[in-house]
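Visitor: Residue numbering for the sequence shown follows our numbering, starting at 123 and increasing by one per position.
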Amino acid sequence: QVQLVESGGGLVQPGGSLRLSCAASGSIFRISHMAWYRQAPGKQREVVAGITTGGNTNYAGSVKGRFTISRDNVKNTVYLQMNSLRPEDTAVYYCNLQTPGVPVTAYWGQGTQVTVSS
123 QVQLVESGGG
133 LVQPGGSLRL
143 SCAASGSIFR
153 ISHMAWYRQA
163 PGKQREVVAG
173 ITTGGNTNYA
183 GSVKGRFTIS
193 RDNVKNTVYL
203 QMNSLRPEDT
213 AVYYCNLQTP
223 GVPVTAYWGQ
233 GTQVTVSS
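1) What span of residues does the beta strand (DSSP E) with Ser184 cover, start to end?
2) Would DSSP call Arg193 helix, strand or coil?
3) Rounded to a whole number of angstroms, what is the C-alpha to C-alpha distance between Leu126 and Ser240?
4) Name the DSSP bridge partner or partners of Glu168?
5) Does the segment 151 to 159 come close enough to the segment 209 to 219 that 3 or more CB-CB pairs lie under 8 Å?
6) State yes or no: is the C-beta of Ser143 within less than 8 Å of the C-beta of Tyr201?
7) Counting along the chain, where does the beta strand (DSSP E) carrying Gly233 start and finish?
8) Which residue comes first and which comes last in the beta strand (DSSP E) that contains Ser206?
9) Is the number of C-beta pairs between the segment 129 to 139 and the segment 158 to 174 that are closer than 8 Å three or more?
10) Looking only at its chain, what residues have a beta carbon closer than 7 Å to the beta carbon of Ala145, apart from the 5 residues adjacent to it on each side?
11) Under a three-way DSSP split, which group does Arg152 fall into?
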């Protein structure tokens with residue numbers, strides 16, 4: 123069983139920065155695809171950024187150039203550095219781990235609230 127624990131959310135003014143962290147239990151982290159999702163009130167959950175085991179990254183168009191996903195396979199942790207935050211970035215942010223192989227098993231963290239407001 124994999125457990126994911128997010129931290130780093132909070133209230134920030136527009137234009138500010140936050141860094142989210144997600145610590146994973148177990149040894150499967152280093153062979154798993156990791157991603158960050160977010161869900162705003164009244165909206166569907168959407169992918170924000172993903173990172174492969176090899177460090178290749180991809181981003182949603184709305185955050186490209188502002189957010190950076192990274193991973194530390196020694197600390198079993200994935201990060202999301204968020205810069206130039208906007209009110210529309212306000213959401214609950216979730217960490218996601220996808221196991222390798224077939225079938226894929228997905229694990230989710232409990233979520234961390236990010237609020238961008240003046």
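The C-beta atom is built at its ideal place from N, Cα and C for all residues, glycine as well.
Guide: Let's see:
1) That residue, Ser184, is in no beta strand (DSSP E); it is neither H nor E in DSSP.
2) Of the three classes helix, strand and coil, the one that applies to Arg193 here is strand, per DSSP.
3) Approximately 30 Å between the Cα atoms of the pair.
4) Paired residues: Arg160.
5) Between the segment 209 to 219 and the segment 151 to 159 there are three or more inter-stretch CB-CB distances shorter than 8 Å, so the stretches are counted as touching.
6) Contact flag set, yes.
7) First-last for Gly233: undefined, no H or E at that position.
8) In the DSSP assignment, Ser206 falls outside any beta strand (DSSP E) and carries neither an H nor an E.
9) Result no; under three Cβ-Cβ pairs closer than 8 Å.
10) Hits under 7 Å: Val127, Asn198, Thr199.
11) Looking at Arg152 - three-state DSSP - the assignment turns out to be helix.
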